[in-house]
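Notes to accompany the following structure.
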Amino acid sequence: MRLGGQVFPERKEPELWAAAHAEMGYRAAVFPVRHNAGDDVIDAYARAAREAGLVIAEVGAWSNPISPDEKTRREAIEYCKNQLALADRVGARCCVNIAGSRNVEKWDGPHPDNFSDETFELIVETVREIIDAVNPTRTTFALETMPWVFPDSADSYLALIKAIDRKAVSVHFDPVNMISSPRVYYRNGEMIRDFVKKLGAYITNCHAKDIRLDTRLTVHLEEVLPGTGALDYRVFLSEIAKLDPDTPMIVEHLKTEEEYRQASDYIRRTAAELGIAL
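Just so you know, the sequence shown maps onto residues 1 to 278 in UniProt numbering.
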């Protein structure tokens, strides 16, 4: 697989951006500009990635296309279409977003309607609209797994994939985002195996982080740096290694270059113990 993550400081020039990934030993990258950056800028970053041997893991389309506010929803859908077209242009593995939320105040927040049958159908309808408008041939559209909206499990993701019924839909796997109970926390290796068994053929990209359960009542789960929590990285790496060897694993949500180095070193060390090439 291919490891990637954020680079510091932020590099504005495409060649320096690509070189910074090489300095960190990364072989995958998140595309750093949006669809409205201008043709010359977009092409320069795509060329720099290609010349540096970087796979473009994802183009983000972070927005709320299932918002109950119709203006917000339509704007988000249009943004997703534009970002998917960008991903297709630069040959990214996927354009990724979460499904969104029925929470009008927080685009990625919980809401009691997020797990309703109506929301499931709205997600299906929305993803179909995005894919059909762009009809990508070099990329896919993927939903990142989340704890409080579909897809939140292997089974709900598989149901979505089947319902959406489009060749250009794929799976973005973030196992930490599916750990929402102590039961899954302590058995996350089983969850990872089950997910890859059911959805491995669809996985185009992964996020790498970690999680820790606090002892305070009732349940407090905290995202932490890889290697300092309970995520079973031996299982995670072993399962992803069964897939396409270009599958990216992107370290995310850390604050400093040193934290990214520490996380990346831990993942590389664990992979080496398993005989897995990154």
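Glycine included, every Cβ here is placed at the ideal spot set by N, Cα and C.
- CA-to-CA, the gap between Glu257 and Asp117 works out to about 42 Å.
- In this structure, the CA atom of Gly100 is about 34 Å from the CA atom of Glu15.
- DSSP places Met178 in the helix class (H, G or I) of the three-state scheme.
- Annotated as proximal: Ala230 and Arg212, with beta-carbon spacing under 9 Å.
- Secondary structure at Arg128: helix, using DSSP grouped into helix, strand and coil.
- In the displayed model, Thr204 falls within a strand according to three-state DSSP.
- CA-to-CA, the gap between Lys255 and Gly5 works out to about 11 Å.
- Annotation for His21: the continuous alpha helix (DSSP H) segment containing it runs 14-23.
- Between Arg166 and Arg128, the beta carbon gap of about 6 Å places them in contact (Cβ cut-off 8 Å).
- With a 10 Å radius around the Cβ and a threshold of 16 neighbouring Cβ atoms, Leu274 comes out exposed.
- For Arg261, DSSP records no beta bridge to any residue.
- DSSP, reduced to helix, strand and coil, places Phe141 within a strand of the structure shown.
- Where Met191 is concerned, the enclosing alpha helix (DSSP H) starts and stops at 188-199.
- The DSSP assignment places complete beta strand (DSSP E) segments of no fewer than 3 residues inside the stretch 35-109 at 55-60, 94-97, in order along the chain.
- Judged by DSSP in its simplified three-state form, Arg27 adopts coil rather than helix or strand.
- For the pair Val134 and Ala85, the Cα-to-Cα distance works out to about 6 Å.
- Look at the beta carbons and you see the stretch 43-52 not touching the stretch 225-243: under three pairs across the two are nearer than 8 Å.
- Pairing Asp88 with Pro136 gives a Cβ-Cβ distance under 9 Å.
- Between the alpha carbons of Asp43 and Val90 lies a distance of about 8 Å.
- Within a 10 Å sphere around the beta-carbon of Asn97 sit 16 or more other beta-carbons, which makes this residue buried.
- In the assembly as shown, Arg183 is an exposed residue. Its beta-carbon has fewer than 16 other beta-carbons within 10 Å.
- In the DSSP assignment, Glu223 falls within the beta strand (DSSP E) that extends over 221-224.
- Counting of Cβ neighbours within 10 angstroms places Asn205 among the buried residues, the total reaching 16 or more.
- Residue burial is scored here from C-beta neighbours: Asp174 has at least 16 other C-beta atoms within 10 angstroms and is therefore classed as buried.
- Between the alpha carbons of Lys198 and Asp246 lies a gap of roughly 20 Å.
- In the three-state scheme derived from DSSP, where H, G and I count as helix and E and B as strand, Phe236 is classed as helix.
- When the Cα atoms are used, Val224 and Asn82 turn out to be separated by approximately 32 Å.
- In this structure, the CA atom of Ala92 is about 22 Å from the CA atom of Pro151.
- As computed with DSSP, Met146 is found in no beta bridge at all.
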